[in-house]
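First the structure, in the form of structure tokens, and then the observations on it.
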Amino acid sequence: MTDKAFAQADPEWLALIGAAREWLSGPIGQFLLDEERRMLEDELGRFFGGYLVHYGPSAQTPPSAPQVQRNVRLGAPLPGVEIVCEEQAWPLSEHAADVVVLQHGLDFCLSPHGLLREAASSVRPGGHLLIVGINPWSSWGLRHVFANDALRQARCISPQRVGDWLNLLGFALEKRRFGCYRPPLASTKWQARLAGWERRAGAWQLSGGGFYLLVARKIVVGLRPLQQVRREPIGKLVPMPMAKVNRRQSDA
1 MTDKAFAQAD
11 PEWLALIGAA
21 REWLSGPIGQ
31 FLLDEERRML
41 EDELGRFFGG
51 YLVHYGPSAQ
61 TPPSAPQVQR
71 NVRLGAPLPG
81 VEIVCEEQAW
91 PLSEHAADVV
101 VLQHGLDFCL
111 SPHGLLREAA
121 SSVRPGGHLL
131 IVGINPWSSW
141 GLRHVFANDA
151 LRQARCISPQ
161 RVGDWLNLLG
171 FALEKRRFGC
181 YRPPLASTKW
191 QARLAGWERR
201 AGAWQLSGGG
211 FYLLVARKIV
221 VGLRPLQQVR
231 REPIGKLVPM
241 PMAKVNRRQS
251 DA
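The UniProt record's numbering applies: residue 1 is where the sequence shown begins, and numbers increase by one.
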């Protein structure tokens with residue numbers, strides 16, 4: 001049934017998601033996801049509600065929010081995905097979710113604006129949207145430029161630009177965090193040697209982390225321009241004659 005539903009799906013999108021999932025399943029991708037998991041679990045622990053929706057190409061079971069009743073994975077027809085859909089056609093009603101998580105969804109997509117609009121529409125007023133992306137101003141962003149694997153296809157949109165988009169969609173940015181300051185090296189020996197730098201840089205929250213996490217709260221339902229009401233002229237204003245006052249009478 002899933003195959004029939006996606007018979008007309010964009011093959012470019014399916015290939016992109018498949019390549020991203022394969023890269024994230026490798027040693028470097030797993031290292032990145034492990035660092036993200038710790039930060040996401042820390043943030044998701046403070047949310048509550050009925051539904052959390054997670055969208056992203058990773059094959060790992062995503063971090064969950066313990067105080068949210070239902071955690072749902074949404075996306076391409078791949079193992080682990082519970083609700084199958086295309087990136088710009090989420091089968092959710094407006095304001096359906098209390099929390100939406102885009103974990104590398106904007107990095108690996110055909111239309112970041114379309115995907116972000118779809119995710120934003122699914123968040124209820126007062127709910128939260130969490131976005132995890134590869135920081136272009138980091139060693140991971142530099143590797144993206146010279147990579148020969150699926151990381152080369154990542155968009156690596158800056159957190160400043162994503163923050164501007166969120167503002168236009170009626171979200172208030174509550175928090176911006178960075179993580180994974182160690183370079184994208186497959187060697188576990190070098191990763192262990194740089195663990196001290198990871199702790200110090202993480203405590204200082206330097207902007208050169210390999211990934212960023214944006215936490216935004218939806219503050220409005222939507223922004224619609226008000227239609228200007230045309231006022232028809234009622235008539236011309238005619239100056240009225242002023243009454244003359246007799247100063248002698250008024251002094252009396």
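Ideal Cβ placement from N, Cα and C applies to all residues, glycine included. Since the structure is predicted, the reported quantities are computational estimates derived from the model, not experimental observations.
*With C-beta atoms as the reference, is V68 less than 8 angstroms away from G80?*
Taking the sequence shown and counting its residues from 1, the one referred to as residue 68 is at position 68. Taking the sequence shown and counting its residues from 1, the one referred to as residue 80 is at position 80. No; because the gap between Cβ atoms is not below 8 angstroms, this pair is not in contact.
*Candidates D10, H104, P62 and L92: which alpha carbon is nearest G210's?*
Residue numbering aside, residue 210 sits at position 210 when the sequence shown is read from its first letter. Per the Cα distances, H104.
*Out of R182, I134 and Q153, point me to the one whose CA is closest to Q160's CA.*
Translated into the one-based positions of the sequence shown, residue 160 becomes position 160. For Q160, the nearest C-alpha among the options comes from I134.
*V99: which of L44, A76, F146 and V132 sits nearest, CA to CA?*
On the sequence shown, residue 99 is found 99 positions in, with the first residue counted as 1. That would be L44, whose Cα lies nearest to the Cα of V99.
*Please go through the stretch 96–149 and give each complete alpha helix (DSSP H) segment of 4 or more residues, from N-terminal end onward.*
112–122 and 139–146
*Rounded to a whole number of angstroms, what is the C-alpha to C-alpha distance between Y216 and R176?*
Here residue 216 refers to the residue found at position 216 when the sequence shown is read from its first residue. Here residue 176 refers to the residue found at position 176 when the sequence shown is read from its first residue. The sequence shown places Ala at residue 216, rather than the Tyr named in the question. The alpha-carbon atoms of A216 and R176 are separated by roughly 9 angstroms.
*Inter-residue spacing [alpha-carbon to alpha-carbon] between A120 and N167*: Position 120 of the sequence shown, counting from 1, holds the residue named residue 120. Position 167 of the sequence shown, counting from 1, holds the residue named residue 167. The straight-line gap from Cα to Cα measures roughly 11 angstroms.
*Under a Cβ-count criterion, where at least 16 other Cβ atoms within 10 Å of its own Cβ denotes burial, should R70 be classed as buried or exposed?*
Residue mapping note: residue 70 aligns to position 70 of the sequence shown, counting from 1. R70 is exposed by the Cβ-count criterion.
*asked:* With a threshold of 8 angstroms, are at least 3 pairs of Cβ atoms found where one atom belongs to the stretch 136–152 and the other to the stretch 12–26?
replied: yes
*So what does DSSP say about Q41, is it helix, strand or coil?*
By one-based count along the sequence shown, residue 41 stands at place 41. Position check: residue 41 holds Glu in this sequence, whereas Gln was assumed. Looking at E41 - three-state DSSP - the assignment turns out to be helix.
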